[in-house]
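Before any comments, here is the structure.
Protein chains: 2
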Amino acid sequence: MFPRYHPGAPVSKKTVIVLGIDGYLGWATALHLSSAGHDVVGIDSLVRRRWDRECGTQSLIPIKTMPQRVTLWRRLTGHRIDWRPMDLCDARAVTELIRDVQPDALVHFAEQRSAPFSMIDLPHATLTQVNNLVGTLNLLFALRDHAPKTHLIKLGTMGEYGTPNIDIEEGFLTITHNGRQDRLPFPMQPGSFYHLSKLHDSHNIQFACRIWGLRATDLHQGVVYGNHTDDVAMDAGLSTRFDYDAIWGTVLNRFCVQAALGLPLTVYGKGGQTRGFLDIRDTVACVRLALENPAGEGEYRVFNQFTEQFSVKTLAEKVRDARAAHGLTTNIIHLPNPRVEREEHYYNAKHQKLLDLGLQPHYLGDTLIESVIDIVERHASRVDPVELEQPNVDWRRGGTAGWRKPLKKAAADRDASHRPVVVSSKSPASTIPLRGTEKERRVAQTR
Amino acid sequence: MFPRYHPGAPVSKKTVIVLGIDGYLGWATALHLSSAGHDVVGIDSLVRRRWDRECGTQSLIPIKTMPQRVTLWRRLTGHRIDWRPMDLCDARAVTELIRDVQPDALVHFAEQRSAPFSMIDLPHATLTQVNNLVGTLNLLFALRDHAPKTHLIKLGTMGEYGTPNIDIEEGFLTITHNGRQDRLPFPMQPGSFYHLSKLHDSHNIQFACRIWGLRATDLHQGVVYGNHTDDVAMDAGLSTRFDYDAIWGTVLNRFCVQAALGLPLTVYGKGGQTRGFLDIRDTVACVRLALENPAGEGEYRVFNQFTEQFSVKTLAEKVRDARAAHGLTTNIIHLPNPRVEREEHYYNAKHQKLLDLGLQPHYLGDTLIESVIDIVERHASRVDPVELEQPNVDWRRGGTAGWRKPLKKAAADRDASHRPVVVSSKSPASTIPLRGTEKERRVAQTR
């Protein structure tokens, strides 16, 4: 089944199933592990592409189909990725997969991963929590029954912690209370139905480790930025997603798109919201470190997976400053915050365990920001400026009138309006699109 | 809609929806609130009766249908309970209910509430978590959109806390760490997929209070014993369920059935497992106290709802001693523990808030134990001794071969075998049924 052996393979070659291989990080991770000589099986239901159609969003960078991508990867590197379309919510399929493959490890990205998507309305909140919970329960029982020694590497989120007024530890905290002491799960305060779904998973997984002796690493990941790993950058056909819209986009990618278009960077609220961040190259490295240094039998461990913490405002300033170095002016504006969150707060989260395993962080610098802006400029014709305007999901009221925009209709609009998406590093002033007109059209469309 | 006004009504009469009115506690609570002059709407999907058929279990005390019960209640007291069959997982029905009734409060018992049931296998774990989560999400969104001032009184469980080595506070804990301090959710370590589902709910509800300003009381309830409240005791037709089997039964009720049959009391493991307990009369009083002293806008509060804590072994000894006072000998035996839990541990859980609101506890004494045994003796012909044998769900392996026993088949077996369920306070020795034979039959049946 896995006939190839890579000359640069690590001492201990692993068979690993990447769940959610079609996503932003799943794909980059699968290539990284495959490149490192591990045998990779990739599964995905491709639901992320369907959600794009539902939301009227799309990856800025065109991405190939899964069969095209794995074929190209094999042609370029000789590595085989065993691609299997499958829905993790299909319990029988999950059981058969685990029983047949007998993997050393699972890397589990296969969840609905957008906080705004989960806050649109009741059906989206329910979909998020049920989808994420059921998929993970299916995995846990399949592991118990068919592969109890397999190491589950689960993508969690730093957002499970919220913003407590004390230092955030890695999963557990020693608490002294009324003269007694215990090491207990860190108290969690997630900030969306999505983040809550990850916390529900964390509790279920921790329980399964305790009662069944399973082994799991819960990667409480920060916000990822960037798009290029060595593998992804090898060929345009190997590209991974780049999301910049208000539902799927992460904040730095979004700022870079705004900067490339000469639009103001839109900070939600005061911008003092501080979070952990990391480069996509560190994401794939962290997963590999977890894979190659597995948890023990019955062990549930948490790694805080980020390299630096920034406030949103600081991030905006970094983008502005990187542009200023080239003589370009970038404005920062503050929008009413669609989320319910503290905008000024203490934040100090530990992230030592992955460093101890050997992580060599890529810190955020001007070069990275410029490289992301370069990417945006190469795909400028695909930018939909409407996606860079007001956020379209509010934590209090849910999705606004414009949250759902059928892609084809939007594309037709774009063609018809000849909207001036002129992207240039040289003339930011000329690039601001006709937002007023567009907005009126959008509102009319959705009524 | 609620034309009657009770002369003894409290100063502030409330309109309250009891969700899960057909259950052990839902029914007793509905009567208590109705009796106190509140206007009660009761909903239930009747799924608990279907689960009985699936598991081959039944209430020791026969219970009437919902229409029969509410009709009888009205005839006896003049109080109207507005009974509406409805599934909480039906989002549209929930929305219409909340919009139409505009209740002052919801009392939410409508969840799968058995830990062993949730541990049978993957489908039962998934059913438990999805059912409980989706029903509660439906409520939260309906409240946000149609009745944001309504007070949600949610039945949680002391089992959310697990057994930490520090004192258990009521929901929140002030933590000092590295010189900083915050008041944070108490760290939770639930012990089954059922208990986990309650924790997931707690997190979702807490979040909804924070972002939408909803008001909620999460009653972290201990293990309930007893069967009679003033209202339930009024007429046999008003009886509430009495579960003693290994899936639905609570421990003290179960011991009382064993004692009544002269069977040994079966303690799981060492029996040092310590939990909070309360009398069913205190359950209904606590819910009423929460109802009449609502949470504030945006407030999520936790009351630990129990009155005393006992180890399982101590409980068994109490039952034994109550019997010994009448010259009856009761043996206590220890079975291998089907659960994964600490059998000797520190346990000290606070339960002050309901006392502060005026709760007058009914502490566990010989009288209560004797009254429960009296109940059992009155319904002795309905006892299925097989249900008192080895537990049929194991935390590590799930449901054993005998967990599922179609009720009709079992009843037929019982009739055919003339099993000697002779129950008497006087001759315990004669009452031990033909367990060996029965067991062999059961095993044959399920293969």
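Those sequence lines, one after another, are chains A and B. Counting the first sequence from 1 gives a position; our numbering is that position plus 52. Counting the second sequence from 1 gives a position; our numbering is that position plus 52. All C-beta atoms, glycine included, are put in the ideal place defined by N, C-alpha and C.
| Asked | Found |
| --- | --- |
| Rounded C-alpha distance that separates L304(A) from L367(A) | 7 Å |
| Limits of the unbroken alpha helix (DSSP H) element including Q258(B) | 245-264 |
| Residue-chain proximity (I218(A), chain B), Cβ-Cβ < 8 Å | yes |
| Chain B contacts from the stretch 375-396 of chain A (Cβ-Cβ distance under 7 Å) | V392 |
| Residue range of the beta strand (DSSP E) that includes Q273(A) | 267-273 |
| Touch test, the stretch 259-276 of chain A against the stretch 103-114 of chain A, Cβ-Cβ under 8 Å, three pairs minimum | no |
| A462(A) classed as buried or exposed, judged by whether at least 16 other C-beta atoms fall within 10 angstroms | Its pLDDT being 46, under 50, A462(A) is placed unreliably in this model, and the coordinates cannot settle the point. |
| Complete runs of the beta strand (DSSP E) confined to the stretch 285-338 of chain B [at least 3 residues] | 317-320, 326-331 |
| Residue ranges of each beta strand (DSSP E) within the stretch 378-449 of chain B, 3 or longer | 384-387 |
| Residues of its chain near Q241(A), where Cβ-Cβ distance is below 8 Å and the 5 sequence neighbours each way are ignored | Y213, G214, T215, P216 |
| Local conformation of G94(B) per DSSP, three classes | strand |
| Start-to-end residues for the beta strand (DSSP E) that takes in A157(B) | 157-160 |
| Check whether V122(A) and I133(A) have beta carbons under 8 Å apart | yes |
| Cβ-based contacts, 8 Å cut-off: residues of the stretch 431-448 of chain A near chain B | W447, R448 |
| Chain-ordered chain B contacts of A143(A) [CB-CB under 7 Å] | L174 |
| Within chain A, the residues that R353(B) reaches when beta carbons sit closer than 7 Å | Ordered by position in chain A, no residue passes the 7 Å Cβ test against R353(B), which lies about 16 Å from the chain. |
| Distance between beta carbons of R100(B) and D74(B), contact taken as under 8 Å | 6 Å |
| Simplified DSSP state of T67(B), which is helix, strand or coil | strand |
| CA nearest to the CA of G78(A), picked from S64(A), V364(A), K65(A), L98(A) | L98(A) |
| Burial state of T228(A) (16 or more Cβ within 10 Å) | exposed |
| Residue nearest to G278(A) in terms of C-alpha spacing, selected from G301(A), T318(A), I257(A) | G301(A) |
| CB contact below 8 Å: Q181(B) versus chain A | yes |
| W455(A) (DSSP reduced to helix, strand or coil) | coil |
| For G187(A), the first and last residue of its enclosing alpha helix (DSSP H) | 174-198 |
| Proximal residues of chain A, C-beta to C-beta of W264(B) below 7 Å | R448 |
| Chain B contact for L71(A) (CB, 8 Å cutoff) | no |
| Proximity of L128(A) and D282(A) at Cβ, strictly below 8 Å | no |
| Close beta carbons around V93(B), own chain, < 6 Å, minus the five adjacent residues each side | I69, D134, V153 |
| Residue environment, R448(A), which counts as buried when at least 16 other CB atoms sit within 10 Å | exposed |
| Which of helix, strand or coil DSSP assigns to L236(B) | strand |
| Residue interval of the beta strand (DSSP E) (run including I73(A)) | From DSSP, I73(A) is part of no beta strand (DSSP E); its letter is neither H nor E. |
| Amino acids of chain B, ordered along the chain, whose beta-carbon sits closer than 9 Å to that of P168(A) | Those do not exist, as P168(A) stays about 13 Å from chain B at its closest Cβ, beyond 9 Å. |
| Cβ contact (3+ pairs, closer than 8 Å) linking the stretch 333-343 of chain B and the stretch 392-400 of chain B | no |
| Local Cβ density within 10 Å of Y415(B), reported as buried at 16 or more and exposed below that | exposed |
| Other residues of its chain near I425(B): CB distance less than 7 Å, five sequence neighbours each side excluded | C308, A311, A312 |
| Validate contact between the stretch 287-297 of chain A and the stretch 369-380 of chain A using beta carbons, cut 8 Å, 3 pairs | no |
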